[in-house]
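Report on one structure; see the data block that follows.
Protein chains: 2
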Amino acid sequence: MIKFSINKSFFLQALNATKRAISSKNAIPVLSTIKIEVQNSNITLTGSNGQISIENTIPTSNENAGLLITSPGAVLLEANFFINIVSSLPDVTLDFEEIEHHQIVLTSGKSEITLKGKDVDLYPRLQEMATENPLVIETKLLKSIITETAFAASLQESRPILTGVHMVLSDHKDFKAVATDSHRMSQRKLTLDNTSNDFNVVIPSKSLREFSAVFTDDIETVEVFFSDSQMLFRSDYISFYTRLLEGNYPDTDRLLTNSFETEVTFNTGALRSAMERAHLISNATQNGTVKLEITNNSVSAHVNSPEVGKVNEELDIIDQSGSDLTISFNPTYLIEALKALKSETVVIRFISPVRPFTLMPGDDAENFIQLITPVRTN
Amino acid sequence: MIKFSINKSFFLQALNATKRAISSKNAIPVLSTIKIEVQNSNITLTGSNGQISIENTIPTSNENAGLLITSPGAVLLEANFFINIVSSLPDVTLDFEEIEHHQIVLTSGKSEITLKGKDVDLYPRLQEMATENPLVIETKLLKSIITETAFAASLQESRPILTGVHMVLSDHKDFKAVATDSHRMSQRKLTLDNTSNDFNVVIPSKSLREFSAVFTDDIETVEVFFSDSQMLFRSDYISFYTRLLEGNYPDTDRLLTNSFETEVTFNTGALRSAMERAHLISNATQNGTVKLEITNNSVSAHVNSPEVGKVNEELDIIDQSGSDLTISFNPTYLIEALKALKSETVVIRFISPVRPFTLMPGDDAENFIQLITPVRTN
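Which chain is which? The protein sequence lines are H and S, in order. Take the first sequence: its letter number 255 is residue 255 in this note's numbering, and every next letter is one higher. Take the second sequence: its letter number 274 is residue 1274 in this note's numbering, and every next letter is one higher.
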């Protein structure tokens, strides 16, 4: 039966990272628990919601953990409840001891708390994965690719494949990530230093957001493994599994064209503020849009929501070329697109009032492109 | 028709303070608006939810306001919407101009936003109050009295009078504030430096909490005025009106007695942490309680929730005298009582397992007393 002692803060941090995979309202009740497996030289914490699973390993060799294992074993504990209890303990260390019938006694300072656990055999078996030939990538880079693309994925389950981010590696080094909800699209390209096996997968955007929260910036690199149905992100102590989406991702390359009629360069922050003002007014009308008027000496934005009011604003521009154009669109799409840009300037290219327009960062137009579909107005 | 210009941040701060009285879901639709009245030398912002009303005055003489009034007038604007718009404006100043049909044009930088307003005659008339012989009190002191008592008022409308704080001034200087929800009670006494007319009122605890949020710590003193049905807190720029509760407040003095059998002095923070742990477990059972066991050489806390587990904890004590005693109570009441105490130590006096026990701060036992009713267990 389990017996160990550990530093409370360190344990709490590992529990909270693992909890990100655990939903308290799961259709499978046992998935609201956290699995605690104690081996001779480490503890593994496991959480899962059926889509994502996280395994967090705490080795006795990690000095910050202050981990002393007296006796191994395994138990399931209600995740939220257990974490709240650990967080409330008075001392810097805690003793964790299993007594009869999966009961756990936590001792810390003069406080002794007894909790009911469950038999570890009740926990579902998570899929195993072959871990060969990983793609090794900087955590920071992978997280920035996720920030640049995942927001553009669909939130609606009507076309499940669009709720994912399409990630493709070809020729062992040409990487592409793309997401679209059919109204807008965001695509990031990259040439990798470390070559790996080619892959072509669609990853739920929700899983990618959880990955970004779990893999903190102190984790320098991450190993990525693929199988037909799932994917594993692994660092020294954390294994993060996610299921993949099944089905064919639409061909997004055909949406991109090099031709354009009008090009305007904006300051990213100034354009975003102007669109946020426009959105406050357009938002009062269902499917409210902002109208951009580009003439040869000015660019202006206009919103008219008869119930609440209107906005007229002249926009500061950095550069401009091509034909005059008037185009209407949902300002939310442009706001989200600009949020995803780290560049100080943004280049926007228009073809016609009824064709999608493209956004590229002023400093890296080759590798990051976004596309927004306009709204036809009369 | 109105025309003025003002510093955006200053205006926003005044709007947000006024908004605290405004509920966007009011049964009287016009109360979701903010009233803006522009006179020759100041602007008054008014918000009300029918219970609380706030008037905020911005004078041209305040240099931080940067207020320049060209033409007076009055208009109503949807409060939330208007404040969001002001907050989004690009420049440090804004111009506010009324055009035809209560329409307002806001200009800031190159942005021009037109909003629909309403006729000021639609706004209800707020009650007037005689402003003579105020009670003048330090804002900080009044806010600390509110923190010490308002939490103990009832949240249930079954006995409306108990949702208020009973405030009484007798002999022109003896002040008492008391609140009870019939399970616990908190009473603060004070001898005032500035004498005033006697009063005996019951103020909704919700109004007092809003008062504490609106009157920031930079406002040194506040004038308090009473009428039969309402009350006014006034500083240089802010007038805060609240309705009073009608009815007789129960006689709480009879609950207090000087006799006791057992007295224990605790460190406030340590006792609170222990009760928070106890609450995590007791909370899993409906009406869960914590049992305190006081013997001649130790004090311990025990919770047993058969579904989830139990807590046993020896409590650190500073001092102890009197008979042995075992008493059960809802730990939430003790946690909230301890939160209201600024003193490092707390003295708790017990009479018997079925009689209320009292809490007093270690450093000011005379003037601040709290009372908690135990739960009978078998």
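By construction, the Cβ of each residue, glycine as well, lies at the ideal position given by its N, Cα and C atoms. Since the model is a prediction, treat every value here as computed from it, not as a measurement.
Taking the beta carbon of residue 374(H) as reference, no residue of chain S falls within 9 Å; the closest one sits roughly 22 Å away. Boundaries of the beta strand (DSSP E) around residue 1058(S): 1052 to 1059. Cα atoms of residue 1175(S) and residue 1139(S): separation of roughly 15 Å, rounded to the nearest angstrom. Judged by their CB atoms, residue 347(H) and residue 299(H) are not nearer to each other than the 7 Å cut-off. Looking at the DSSP output, residue 1045(S) shares a beta bridge with 1036(S), 1056(S). Rounded to whole angstroms, the gap between the alpha carbons of residue 1065(S) and residue 1075(S) is 20 Å. Within the same chain, 1175 come within 6 Å of residue 1190(S) by CB-CB distance, once the 5 residues on both sides are set aside. Shown here, residue 255(H) sits in a helix according to DSSP, grouped into three states. Contacts between residue 81(H) and chain S, judged by CB atoms closer than 8 Å, involve 1280, 1284, 1308 in chain order. By the neighbour-count criterion, in which a residue is buried when 16 or more other Cβ atoms sit within 10 angstroms of its Cβ, residue 1006(S) is buried.
With fewer than three CB-CB distances shorter than 8 Å, the stretch 210 to 220 of chain H does not count as touching the stretch 1016 to 1024 of chain S. The straight-line gap separating the alpha-carbon atoms of residue 1248(S) and residue 1228(S) is approximately 13 Å. By the CB criterion at 7 Å, residue 1365(S) and residue 1315(S) fall outside the cutoff.
Listed along the chain, the chain S residues whose CB falls inside 8 Å of the CB of residue 227(H) amount to none; the nearest CB is some 38 Å away. Taking residue 306(H) as reference, the option from 289(H), 98(H), 50(H), 285(H) with the minimal CA-CA separation is 285(H). When DSSP assignments are scanned along the stretch 1257 to 1332 of chain S, the uninterrupted stretches of beta strand (DSSP E) that are 3 or more residues long and fall wholly within it turn out to be 1262 to 1267, 1290 to 1295, 1298 to 1305, 1309 to 1315, 1319 to 1322, 1325 to 1329.
Proximity of the stretch 1140 to 1153 of chain S to the stretch 1121 to 1132 of chain S falls short of the contact definition, fewer than three beta-carbon pairs being nearer than 8 Å. For residue 1338(S), no Cβ of chain H is located within less than 7 Å of the residue's own Cβ. At a cut-off of 7 Å between C-beta atoms, residue 1036(S) does not count as an interface residue with respect to chain H.
The Cβ neighbour count for residue 254(H), taken over all protein chains shown within 10 Å, is under 16; the residue is labelled exposed. Taking 8 Å as the Cβ-Cβ cut-off, the stretch 81 to 95 of chain H approaches chain S at 81, 84, 85, 88, 89, 90, given in chain order. Considering only beta carbons, no part of the stretch 1247 to 1259 of chain S lies closer than 9 Å to chain H. Taking 7 Å as the threshold, the shortest C-beta distance from residue 100(H) to chain S does not fall below it. In the displayed model, residue 110(H) falls within coil according to three-state DSSP, outside both helix and strand.
Residue 1330(S) has a beta carbon lying at 7 Å or more from every beta carbon in chain H. In the structure shown, the three-state DSSP call for residue 204(H) is strand.
According to the DSSP assignment, residue 1013(S) belongs to the alpha helix (DSSP H) that extends over 1008 to 1019.
Only those residues of the stretch 310 to 322 of chain H whose C-beta falls short of 7 Å from the nearest C-beta of chain S are listed: 310, 311, 312, 313, 314. Around the beta carbon of residue 92(H), fewer than 16 other beta carbons sit within 10 angstroms, so the residue counts as exposed.
Here residue 1155(S) carries a coil assignment [DSSP, helix/strand/coil].
According to the DSSP assignment, residue 1140(S) belongs to the alpha helix (DSSP H) that extends over 1139 to 1149. The beta-carbon separation of residue 1044(S) and residue 1034(S), rounded to 11 Å, does not stay under the 8 Å limit for a contact.
An exposed status is given to residue 1354(S), since fewer than 16 other beta-carbon atoms sit within 10 Å of its beta-carbon. In the DSSP assignment, the residues bridged to residue 1184(S) are 1372(S). For the pair residue 1294(S) and residue 1251(S), the CB atoms are not nearer than the 7 Å cut-off. Shortest Cα-Cα distance from residue 1224(S) to any of 1142(S), 1021(S), 1057(S) involves 1142(S).
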